[in-house]
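Here's the structure we're looking at; comments come further down.
As structure tokens, this is what we get:
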């Protein structure tokens, strides 16, 4: 299982997700361009020394990322659908894709995904923080596939 971030804009969110990846034993794909200049210091501030315990793969764009997917499913987390991840059957090689903080993903990226899922939340709230969403989604996916670390 992997987390993929499409054009992330906030270094702190990326750092938190890298720390999540380190803690849960999953790789993180970063699909460029990013909304900040990549430097170890900015991301490490949130990821701390956990960044040394996660595999990070950077891709020049969505097409370059898609070329690495193989038979894995790409599951897009978006606010634009109703399908809940709690009513979805995950596989151990799924890729959990999250869009940029300000705009999600463009239609052509959404159309290239195998499924679209929405984390349930109160109707008064438009969306959750990217790192929070990734943690909720990954926790459920790992739970379902009996892949939680011990």
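Residue numbers (full-length UniProt numbering): 1 to 150.
The beta carbon of each residue, even a glycine, is placed where N, CA and C say it ideally should be.
| Asked | Found |
| --- | --- |
| Just list the residues that DSSP pairs residue 100 with in beta bridges. | 104 |
| Three-state secondary structure (DSSP) at residue 88? | coil |
| Would you mind sorting residue 70 into buried or exposed? The rule is 16 or more other CB atoms within 10 Å of its CB. | exposed |
| Using CA coordinates, which residue listed in 100, 99, 75 is at the minimum distance from residue 88? | 75 |
| Give me the residue from 1, 97, 117, 32 with the minimum Cα distance to residue 22. | 1 |
| Against chain B, with Cβ distances strictly below 9 Å, would residue 140 count as a contact? | In the structure shown, chain B does not exist; there is a single protein chain. |
| Could you give the DSSP three-state label for residue 49: helix, strand or coil? | helix |
| In chain order, what residues of the same chain lie with their CB nearer than 6 Å to the CB of residue 55, ignoring the 5 residues before and after it? | 27 |
| Exposed or buried, residue 100, counting other C-beta atoms within 10 Å across all chains shown (16 or more means buried)? | buried |
| Could you give the distance in angstroms between the alpha-carbon of residue 58 and the alpha-carbon of residue 68? | 11 Å |
| Please list, in chain order, all residues of the same chain as residue 84 whose beta carbon is under 8 Å from its beta carbon, the five residues on each side excluded. | 117, 118, 119, 120 |
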